[in-house]
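Take a look at the structure below.
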Amino acid sequence: MSLVRLDATALRADFPILEQTVHGHRLVYLDSAATSQKPVSVIDAISRFYREINANVHRGVHTLGDRATDAYEGARERVARFIGAPTRRSVIFTRNTTEAINLFARTWGRAHLRPGDEIVTTELEHHSNLVPWQMCAAATGAVLRVVPVGEDGVLDLDRLCEAIGARTKLVAVTHCSNVTGAIHDLERVVHHAHDRGALVLADTAQSAPHLPLDVAKLGVDVVAFSAHKMCGPTGIGVLWARPEILADAPPFLGGGSMIHEVWPDRSTWAEIPARLEAGTPNIADAVAFVAALDYLEGTGRAAIRAHERALVAETMARLVALPWVRVYGPADPTDRSGVVAFNVFADPRDAESLIHPHDVGTLLDARGIAIRVGNHCCQPLMRRLDVPATARASFYLYNDESDVDALIDGLHAARKTFLR
Ligand code: PMP
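For reference, each letter of the sequence shown is one residue, going 53 to 472 in our numbering.
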């Protein structure tokens, strides 16, 4: 019986890191929502860049400089294509999702928000899509409205839409939760927000790697994501916004590349994207990101989604059958990406008997199984769930049913340790 559509065994061969053993066991990597592993094509692309192409971009007249510039701008074009953006002009390379959202809050946010304007966000956001808005509200006098989620950690979209009013200038919401895996119907939020004249920023850190993502189809105004969660290198991320939104956004950092003209006492700014990319960018990792996007598209984005959905459905069914496990987030696996957050209890009837997820994670690690434990940079959500932390298993294209078996066996063994 297999609902899994990808041949994970064959795909795993593309990821050299997965060949190792940990504490004498096969590595079972269930932490791709934190960062994904990298296929050999991406590792080779980084090496090839430094062996054959390396030079600074947008500067020299020499051949290598032209080659590096073409590769870097080619990466911008490739990212635009991957997300269905009509032009590469408003693809801004950043370090990661966090920097992308901060960039937008510091530039567009400070230029456009006035006292009394409202930013609407939710209680389940990653700190990266909450703290920058707290800072932006403090700096501009705008009001931050944080829409609560239910006790099960699920966001009611009606509630979110009700919070969007005539004073709302921006809705900052995650496309896909990094804790519960919940996928939000952004088209509905966009429709509602645009009717009231508000923009929608979608944190797509967890959706870009796992779901077919088309910004034109979703109608969102701004997205932010990180290459490292989608088979690409660390240190490179993307802010994309509709070009007209960034057209008058003031600079983020000042320095080389972002200027048009400089005098001792003043400067004028370059057009986007250069205006928002001061200094020498992370050229090598942007170029290697292309190999990651090629890999994901070569594998098939719909197939990746179907594969993860099947693994999550199986994991949830097996976890829900264990009375001593509590699973958080949407009950229907089709409403989730490849993420399952849960906790283990020594006594199924006693909420006080929580086995701390750090202990669960450590015991699983002894069996070669890597999961994430902690608050997942979502402290408000943890408070709503009334837990100090959760365990989280997250799947990607290289996982298969044997990884689910290993996780379930590991949890049985971990709980037994605490019953002794
Ligand atoms: N948003 C979400 C939903 C995430 O899962 C993450 C990473 N855990 C981030 C933002 C931040 O990503 P990064 O650390 O790459 O900036």
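All C-beta atoms, glycine included, are put in the ideal place defined by N, C-alpha and C.
In this text the structure is predicted, and so the values were computed from the model without any measurement.
- Restricting attention to P200, D204, E203 and E170, the CA atom closest to the CA of A189 is found in E170.
- The Cβ atoms of A276 and A152 sit closer than 7 Å to each other.
- With fewer than 16 other CB atoms across the displayed protein chains lying within 10 angstroms of its CB, G306 is exposed.
- Note that the region 259 to 274 touches the region 232 to 247; at least 3 beta-carbon pairs, one per stretch, sit closer than 8 Å.
- Runs of the alpha helix (DSSP H) lying entirely within the region 250 to 338 and spanning at least 4 residues, in chain order: 267 to 270 and 295 to 298.
- Secondary structure remark: continuous alpha helix (DSSP H) runs of at least 4 residues inside the region 106 to 190, in chain order: 115 to 134 and 149 to 156.
- Taking 7 Å as the cut-off, the beta carbon of L209 is found no closer than this to the beta carbon of V199.
- Of the heavy atoms belonging to the ligand PMP, at least one sits nearer than 6 Å to the Cβ of T149.
- Note: L196 is bridge-paired with I171 in the DSSP secondary-structure output.
- Straight across, the Cα-Cα distance linking I297 with V456 is about 44 Å.
- Here the distance from the Cβ of Q431 to the nearest heavy atom of the ligand PMP is not below 6 Å.
- Residue range E453 to L471 is occupied by the alpha helix (DSSP H) that includes G462.
- S405 sits close to A398, with the two beta carbons spaced by under 7 Å.
- The beta carbon of H312 lies closer than 7 Å to those of T320, W321 and A322 in the same chain, with the five residues before and after it left out.
- Annotation: the continuous beta strand (DSSP E) that includes A443 extends over T442 to S446.
- Annotation: the region 335 to 386 contains the following complete segments of the beta strand (DSSP E) (minimum length 3 residues), in chain order: 377 to 380.
- DSSP places Y450 outside both helix and strand once states are collapsed to three, so it counts as coil.
- A257 counts as buried, since at least 16 other C-beta atoms from the protein chains shown sit within 10 angstroms of its C-beta.
- When the five nearest sequence neighbours on each side are left out, the beta carbons in the same chain lying within less than 8 Å of the beta carbon of C429 are those of H178, H179, S180 and N230, in order along the chain.
- With distances taken between CA atoms, D204 lies nearest to L176 out of P184, G193 and L176.
- From the listed residues Y450, Y124, L471 and A365, the smallest Cα separation to Y81 is found for Y450.
- In this structure, S446 has its beta carbon at no less than 6 Å from each heavy atom of the ligand PMP.
- Relative to the ligand PMP, A422 has its C-beta separated by 6 Å or more from all heavy atoms.
- Shortest Cα-Cα distance from T150 to any of F134, P167, V183 and V379 involves V183.
- In the three-state reduction of the DSSP assignment, I69 falls in the helix class.
- From the listed residues A234, V201 and P325, the smallest Cα separation to S446 is found for A234.
- Of all alpha-carbon atoms in V377, D346, G308 and R353, the one lying nearest the alpha-carbon of P333 is that of G308.
- In this chain, the alpha helix (DSSP H) harbouring A215 covers L209 to A215.
- Spatial neighbours of V412 in its own chain (CB-CB distance under 6 Å, excluding positions within 5 residues in sequence) are listed in chain order as V396, A443 and A466.
- Of the candidates T414, G420, R378 and A254, R378 places its Cα closest to the Cα of A403.
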